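Novice: Here it is, the structure, as structure tokens.
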Amino acid sequence: QKEVEQNSGPLSVPEGAIASLNCTYSDRGSQSFFWYRQYSGKSPELIMFIYSNGDKEDGRFTAQLNKASQYVSLLIRDSQPSDSATYLCAATTGGFKTIFGAGTRLFVKA
Amino acid sequence: GAVVSQHPSRVICKSGTSVKIECRSLDFQATTMFWYRQFPKQSLMLMATSNEGSKATYEQGVEKDKFLINHASLTLSTLTVTSAHPEDSSFYICSAILSSSYEQYFGPGTRLTVT
Chain A
128 QKEVEQNSGP LSVPEGAIAS LNCTYSDRGS QSFFWYRQYS GKSPELIMFI YSNGDKEDGR
188 FTAQLNKASQ YVSLLIRDSQ PSDSATYLCA ATTGGFKTIF GAGTRLFVKA
Chain B
1210 GAVVSQHPSR VICKSGTSVK IECRSLDFQA TTMFWYRQFP KQSLMLMATS NEGSKATYEQ
1270 GVEKDKFLIN HASLTLSTLT VTSAHPEDSS FYICSAILSS SYEQYFGPGT RLTVT
């Protein structure tokens, strides 16, 4: 069964620190990888996507992909209390089917 | 990013009645949309894949006769919860996918409460 695994957390970091969120996936055929942020009671919001090995930066966010290790990560620099949310990792396998991880809860302490 | 709307955002209905939820892609055409359900403090659960012009594909354990999906146009998919019961109370979220990039954009969700 194709899976995306995440540590459920909570991950607690002080304000201003770097938050590091990790994700592994089981299907080597996965081609596209996404990070979503979900606030409590709200629907997920796409924040980053990555297709190629290496790093991709967008503002305070950096996504990292290592296909050999089947590993995806999201770094959040200068973490803010407003970043406190659940972060979902997702991988797209064949066609449009997207497999979501269960999410990691991040708590940024002011 | 792309915009997906959902209506209604919140609905309360009596047990035994049916509820229709609409999902629209506002600024792009979506041949494929997804319907998810999320219970409190749990992860997203994919219910079905909605394909424009053809029958929806349901995930294992999801009753297709209870959760009717219609994807009649490239911008609209509907989910009808038939004969709703209290255990159907949940947060229903739709999403639409950009075929060019596989980016998936979510609607704001519909909170269903069945009394």
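Chains as they are written, first to last, in our numbering: chain A, 128 to 237; chain B, 1210 to 1324.
Cβ coordinates follow ideal geometry from the N, Cα and C atoms, glycine included.
Since the structure is predicted, the reported quantities are computational estimates derived from the model, not experimental observations.
1. Could you compute how far the alpha carbon of B:Ile1221 sits from the alpha carbon of A:Lys236?
2. Using a C-beta cutoff of 8 Å, does A:Phe227 count as contacting chain B?
3. What is the DSSP secondary structure of A:Ser167, reduced to helix, strand or coil?
4. Starting from A:Val199, trace the beta strand (DSSP E) both ways and give me its first and last residue.
5. Going by C-alpha distance, which of A:Ile177, A:Leu215, A:Phe160 is nearest A:Leu148?
6. Determine the extent of the beta strand (DSSP E) in which B:Lys1229 is found, giving its start and end residues.
7. Relative to the C-alpha of A:Ile203, which candidate in A:Ile177, A:Lys194, A:Thr189 has its C-alpha closest?
8. Within 8 Å (strictly less), CB to CB, does B:Tyr1267 reach chain A?
9. Where does B:His1294 land, buried or exposed, given buried means 16+ other C-beta within 10 angstroms?
10. Look at the alpha carbon of B:Met1256 and the alpha carbon of A:Thr219, and state the distance between them as a whole number of angstroms.
11. On the criterion of 16 or more Cβ atoms from any shown chain inside 10 Å, does B:Ser1310 qualify as buried, or is it exposed?
12. In chain order, what residues of the same chain have a beta carbon less than 6 Å from the beta carbon of B:Ser1234, not counting five sequence neighbours either side?
13. Taking only three categories from DSSP, how would you classify B:Asp1274?
14. Which residue's Cα is closest to the Cα of A:Tyr163: A:Gln133, A:Pro208, A:Lys194, A:Ser196?
15. Taking all protein chains shown into account, decide if A:Ile145 is buried (16 or more other Cβ within 10 angstroms of its Cβ) or exposed.
Specialist: The short version:
1. 36 Å
2. yes
3. coil
4. 198-203
5. A:Leu215
6. 1228-1234
7. A:Thr189
8. no
9. exposed
10. 17 Å
11. exposed
12. Val1213, Thr1284, Ala1305
13. coil
14. A:Gln133
15. exposed
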